[in-house]
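Okay, structure first, notes after.
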Amino acid sequence: MTELTTPNPAQTTLSRWRTTVGHMMGTRHGAIGTVILLLLAMTAILAPYVAPYTPLQQTTQSLAPPSAAFFFGTDNIGRDLFSLLLYGAQSSLLVGLGAALAALLVGGTIGILAGYFRGRVEVVLMRVIELFQTLPVIMLVLCAVALFGSSFSLLITAVALAIWPMEARLVYGQYIKLREREFIAAARVADLSTWHIIFREILPNAAQPIIVQVALDASIAILIEAGLGFLGLSDPSMVSWGQLLFVAQDYMDSAWWMSVFPGAAICLTVIGLNLFADGLNEIVDPRSSRGMGGLQ
Amino acid sequence: MLRFILQRALYAVPLIFVIIVVMFSLLYLIPGDPVQALVGDYPVPPAFRAAIEEKYRLNDPFFVQVGNYLASVVQGDFGFSYQHQRPVLDLILERAPRTILLASVGFAVAIPLGMLVGVLGGTTTNPSVDKFWTTTALVAYAVPTFWLGQLLVMFFALRLGWFPTQGIGPLVSRAHGLDWLLERVRYLALPVLAFAIHEGMRFARIMRASVIDTLAQGYIITARAKGLSRGQIIRRHVLRNSSLPLVTIAGYAFGSALSGAVLLETVFTWPGLGLLLVDSIRLRDNLTVIGVVIFSAFAVILMNLVVDILYALLDPRIRTSG
Numbered sequence: 001m002t003e004l005t006t007p008n009p010a011q012t013t014l015s016r017w018r019t020t021v022g023h024m025m026g027t028r029h030g031a032i033g034t035v036i037l038l039l040l041a042m043t044a045i046l047a048p049y050v051a052p053y054t055p056l057q058q059t060t061q062s063l064a065p066p067s068a069a070f071f072f073g074t075d076n077i078g079r080d081l082f083s084l085l086l087y088g089a090q091s092s093l094l095v096g097l098g099a100a101l102a103a104l105l106v107g108g109t110i111g112i113l114a115g116y117f118r119g120r121v122e123v124v125l126m127r128v129i130e131l132f133q134t135l136p137v138i139m140l141v142l143c144a145v146a147l148f149g150s151s152f153s154l155l156i157t158a159v160a161l162a163i164w165p166m167e168a169r170l171v172y173g174q175y176i177k178l179r180e181r182e183f184i185a186a187a188r189v190a191d192l193s194t195w196h197i198i199f200r201e202i203l204p205n206a207a208q209p210i211i212v213q214v215a216l217d218a219s220i221a222i223l224i225e226a227g228l229g230f231l232g233l234s235d236p237s238m239v240s241w242g243q244l245l246f247v248a249q250d251y252m253d254s255a256w257w258m259s260v261f262p263g264a265a266i267c268l269t270v271i272g273l274n275l276f277a278d279g280l281n282e283i284v285d286p287r288s289s290r291g292m293g294g295l296q
Numbered sequence: 001m002l003r004f005i006l007q008r009a010l011y012a013v014p015l016i017f018v019i020i021v022v023m024f025s026l027l028y029l030i031p032g033d034p035v036q037a038l039v040g041d042y043p044v045p046p047a048f049r050a051a052i053e054e055k056y057r058l059n060d061p062f063f064v065q066v067g068n069y070l071a072s073v074v075q076g077d078f079g080f081s082y083q084h085q086r087p088v089l090d091l092i093l094e095r096a097p098r099t100i101l102l103a104s105v106g107f108a109v110a111i112p113l114g115m116l117v118g119v120l121g122g123t124t125t126n127p128s129v130d131k132f133w134t135t136t137a138l139v140a141y142a143v144p145t146f147w148l149g150q151l152l153v154m155f156f157a158l159r160l161g162w163f164p165t166q167g168i169g170p171l172v173s174r175a176h177g178l179d180w181l182l183e184r185v186r187y188l189a190l191p192v193l194a195f196a197i198h199e200g201m202r203f204a205r206i207m208r209a210s211v212i213d214t215l216a217q218g219y220i221i222t223a224r225a226k227g228l229s230r231g232q233i234i235r236r237h238v239l240r241n242s243s244l245p246l247v248t249i250a251g252y253a254f255g256s257a258l259s260g261a262v263l264l265e266t267v268f269t270w271p272g273l274g275l276l277l278v279d280s281i282r283l284r285d286n287l288t289v290i291g292v293v294i295f296s297a298f299a300v301i302l303m304n305l306v307v308d309i310l311y312a313l314l315d316p317r318i319r320t321s322g
């Protein structure tokens, strides 16, 4: 992106985004990823209208294999697996998005503080980030959810806790790099406020790699949520794909469909997010255009 | 060098204290009767209740309790598991070697696999070969390990019957020598495969990027100019120089392997630390839960310390700059 600061950010941001969307559909990964994500979002929103059964509705047939009546079969208590999968998209996407945004908020704030202000703040905050990166955070998350019971908001908080350090490191790196550039020196000479420099001068130039990271964070959040569900620790009032796999564990010898379809749904979502991030990254950093961009 | 080691070790100590304090605070925050929270869902006889209150000083202020708990953990006393009727430390020491076995065999397969795939993808001149491996790595990365485990069990254990579905070994084993080893390998095969596919593909991505970086270096051109063959260049120059980032990642991947073990051990009912944690969570055996987490954190910190020191030994630049 251009390093120039422009007098009318609103207009250029809009046109910049319009070109981004155009470029996005031009990259193969970006296009596939976007389509997958759009389909999933529609599934989540339309689930109550298109699902043949409600999540709690039990049919008379339990453990029925996939057929014309039940596309993906039924589970051990006779619920239609296809409907459950449609509803499951809601909690997966909500946790993915919610945790990624929460991680952006926490990681972003800490990254900006450490990267822009440097000095002692930087030393302390980097230690905190390091602490969270070395710990088996997933285990802590597991404990928190296990000890305090599972609610949807706790789940999002816990997952965000596990992923924010990556976001913080990226934001930190961007700010530390950009704050030394000439246009920031110019902004300082022009006596613009620190607040203005951080959010109006640096942020627009740092935004795109950060957005790539948010997409990757969301994919990791979905995997963690699935893992918690698989351990039986998801919010019991919502259907989640991980929780379906938790139940499937006991029926591996009799009902393969209970495991295969929810797992495939998780895979598809994570692949969609990764391809989306890849496509986005290709536009931001054309050098990494060989499909491995943004991956850690 | 000694100074560097001491410095890193001193840095690890406060980390461990922070973890113990955080974990005990979590326990403290659980609503309801603290004795019940420590013991789990069991009827507590009055004598035992009095002993617990005495031991953890539950009637004293919070900081006294934390200090007290800290002191006992430092002495290796993680408390007593009412569920298992054994000290928590005993349980942990019994389970930990099994998790370490799974993780080390897993890494032993995943690292060469990742290097192989990364070198194949990075050095090929055929774009479709590269694309194939890149896509495979992407898909493998998106597959949750526990689901991969379920698929492997359903196909290789239940359908084909080649491997056992779960566990670390038969209840009663009469095998000796080589047979005994083969028996163990059969039980290890599926969990290791699930672990190696997931981690290996993560390593492959890093290796590939690193190989591409290395190939752009001047000394590769020199090597080519000297008339070395493609295979020689890859073996002598590329492999060695591009493995460094992988070594770093593999060293620090220990922590994520421990976390991953929780899911993997659940799928295969592998009786390691991860399964102990999950079972204890289900039984609300909170002293064991906290013991396992503190122990794992301790292991991770120790492992990172060892990795740091190894690097300083290998690369003088690190110890002088730190």
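Line by line, the protein sequences are chains D and P.
Heads up: the first sequence at position 84 corresponds to 84 in my numbering, and the numbers run straight through without jumps.
Heads up: the second sequence at position 287 corresponds to 287 in my numbering, and the numbers run straight through without jumps.
Beta carbons: idealized from backbone N, C-alpha and C, even for Gly.
- Query: Going straight from the alpha carbon of residue 1(D) to that of residue 208(D), what length do you get?
  - Reply: With a pLDDT of 43 at residue 1(D), under the threshold of 50, the modelled position of this residue cannot be trusted, and the question is left open.
- Have a look at residue 120(P) and residue 32(D) and give me their C-alpha separation to the nearest angstrom. 25 Å
- Do residue 53(P) and residue 35(P) have their C-beta atoms within less than 8 Å of each other? yes
- Query: What number of angstroms, rounded off, separates the C-alpha of residue 63(D) from the C-alpha of residue 196(P)?
  - Reply: 32 Å
- residue 241(P), enclosing alpha helix (DSSP H) - first and last residue: Counting along the chain, the unbroken alpha helix (DSSP H) around residue 241(P) starts and ends at 239–242.
- Message: DSSP three-state label for residue 87(P), please.
- Response: strand
- Query: With 8 Å set as the bound, which would you pick, yes or no: does the beta-carbon of residue 176(D) sit closer than that to a beta-carbon of chain P?
  - Reply: no
- Query: With respect to the alpha helix (DSSP H) encompassing residue 255(D), which residues constitute its N-terminal and C-terminal limits?
  - Reply: Going by DSSP, residue 255(D) is part of no alpha helix (DSSP H) at all; its letter is neither H nor E.
- Item | Contacts of residue 136(D) in chain P (Cβ-Cβ under 7 Å) | Proximity of chain P to residue 136(D) at the Cβ level (cut-off 7 Å) is accounted for by 255, 258, 259, 296, 297 and 300, in chain order.
- Does the pairing of the region 220–232 of chain P with the region 132–151 of chain P give three or more beta-carbon distances under 8 Å? no
- Message: Using CA atoms only, rank isn't needed, just tell me which of 110(D), 87(D), 201(D) and 75(D) is closest to residue 164(D).
- Response: 110(D)
- Task: Could you check how far apart the C-beta atoms of residue 99(P) and residue 261(P) are, in whole angstroms? I think they sit under 8 Å.
- Result: Indeed they touch by this definition, with Cβ atoms about 5 Å apart.
- Task: Quickly, what does DSSP pair residue 81(P) with across the bridge? List them, please.
- Result: 86(P)
- Task: Under 9 Å between beta-carbons, which chain D residues line up against residue 30(P)? List them in chain order, please.
- Result: 147 and 148
- Query: Is the beta carbon of residue 334(D) sitting closer than 8 Å to the one on residue 92(D)?
  - Reply: No information on residue 334(D) is available, as it lies outside the stretch 1 to 296 that chain D covers here.
- Query: Taking 8 Å as the CB-CB cut-off, is residue 73(P) touching chain D?
  - Reply: Among the CB atoms of chain D, none fall inside 8 Å of the CB of residue 73(P).
- Since residue 253(D) meets chain P, which of its residues come closer than 7 Å, beta carbon to beta carbon? 158
- Query: So is residue 180(D) buried or exposed if we call it buried at 16+ other beta carbons inside 10 Å?
  - Reply: exposed
- With a cut-off of 8 Å, does the C-beta of residue 213(D) fall near any C-beta of chain P? no
- Message: Please identify the residue among 117(P), 116(P) and 150(P) whose C-alpha is closest to the C-alpha of residue 166(P).
- Response: 150(P)
- Check each candidate in 65(P), 292(P) and 163(P) and name the one with the smallest Cα separation from residue 184(P). 163(P)
- Item | residue 135(P) in three-state terms, based on DSSP | helix
- Query: Does DSSP classify residue 123(P) as helix, strand or coil?
  - Reply: helix
- Message: For a test of the three-state rule: what should DSSP assign to residue 279(P), helix, strand or coil?
- Response: helix
- Query: What are the boundary residues of the alpha helix (DSSP H) that includes residue 195(P)?
  - Reply: 177–215
- Distance, residue 7(P) Cα to residue 312(P) Cα: 12 Å
- Task: Return helix, strand or coil for residue 217(D), following the three-state DSSP convention.
- Result: helix
- Coil, strand or helix - residue 59(D) by DSSP: coil
- Item | C-alpha distance - residue 151(D) paired with residue 237(D), whole-angstrom precision | 9 Å
- Query: Would you say the region 26–45 of chain D touches the region 54–74 of chain D, given that touching needs at least three Cβ pairs under 8 Å?
  - Reply: no
- Message: Closer than 9 Å between beta carbons: that is the criterion. Which residues of the region 40–73 of chain D meet it against chain P?
- Response: none
- Give the single residue among 273(P), 296(P) and 290(P) whose Cα lies nearest to the Cα of residue 80(P). When the alpha-carbon of residue 80(P) is set against those of 273(P), 296(P) and 290(P), the nearest one is in 290(P).
- Message: Distance check for residue 176(P) and residue 187(P), CA to CA, integer angstroms please.
- Response: 16 Å
- With a cut-off of 8 Å, does the C-beta of residue 276(P) fall near any C-beta of chain D? So, not an interface residue.
- Is any beta-carbon of chain D found at less than 8 Å from that of residue 147(P)? yes
- Query: CB residue 272(P) to CB residue 203(P), shorter than 8 Å?
  - Reply: no
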